[in-house]
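Worksheet: the structure to be examined is printed underneath.
Encoded structure:
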């Protein structure tokens with residue numbers, strides 16, 4: 507290999523250009539990151555140069571190479587489950603021992619007009635103090651967002667439609683009257 511004057515990346519598969527007079531193993535190039543002494547190579551030493559064949563070989567080699575870590579994971583999982591069943595590991599009661607995340611941080615990011623609105627303050631207090639453990643933080647944030655959406659201004663016609671719909675029953679609100687109100691919008 508010392509007498510070769512070309513680019514080795516292009517001629518690595520051309521074995522006729524290698525000096526074979528020394529006998530023994532053919533010269534080869536290996537490209538990889540540093541590995542431990544007992545670690546397997548990223549690619550098997552004897553592999554095909556055909557792309558369609560090496561992909562199949564690499565899949566099998568990767569599965570074979572991952573076997574020790576899979577066995578270690580399995581042993582650790584069995585060890586933990588054994589300790590839990592023996593009672594040597596205590597599983598914490600997350601609902602009672604760990605405080606759930608507070609909605610106060612999210613509430614403080616709201617604009618001041620929303621924080622000062624009594625409706626939003628009441629919704630914040632209700633979700634923070636009365637739904638302490640039965641709702642996760644994402645559900646509380648979505649509920650507070652829904653409450654904030656009611657702060658948007660509503661045009662007068664839509665407001666009248668909503669008021670009539672809220673206070674009416676089936677006899678007072680006829681389909682014709684509802685259609686007239688919707689046509690005004």
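Numbering (the working numbering), first residue to last: 507 to 691.
Note that the Cβ used here is the ideal one computed from N, Cα and C, for glycine as well.
- Going by C-alpha positions, residue 653 is about 30 Å away from residue 686.
- Residue 548 holds the alpha-carbon nearest to the alpha-carbon of residue 570 among 548, 557, 588.
- According to the DSSP assignment, residue 587 belongs to the alpha helix (DSSP H) that extends over 573-592.
- As the crow flies, the alpha-carbon of residue 671 is around 27 Å from that of residue 630.
- If the five residues before and after residue 553 are omitted, its C-beta is found closer than 6 Å to the C-beta atoms of 560, 563, all from its own chain and listed in chain order.
- In this structure, residue 637 lies near residue 646, with their beta-carbon atoms less than 8 Å apart.
- Here residue 553 carries a coil assignment [DSSP, helix/strand/coil].
- In the assembly as shown, residue 573 is an exposed residue. Its beta-carbon has fewer than 16 other beta-carbons within 10 Å.
- Under the 10 Å beta carbon count, residue 576 is surrounded by fewer than 16 other beta carbons and is classified as exposed.
- Here DSSP, grouped into helix, strand and coil, assigns residue 541 to coil.
- A direct Cα-Cα distance of roughly 9 Å separates residue 595 from residue 588.
- Nearest to residue 659 by C-alpha distance, out of 557, 542, 546, 620, is 620.
- Residue 655 carries a helical assignment under DSSP once its states are collapsed to helix, strand and coil.
- Relative to the Cα of residue 610, the nearest Cα in the group 625, 633, 579 belongs to 633.
- Between residue 597 and residue 590, the beta carbon gap of about 7 Å places them in contact (Cβ cut-off 8 Å).
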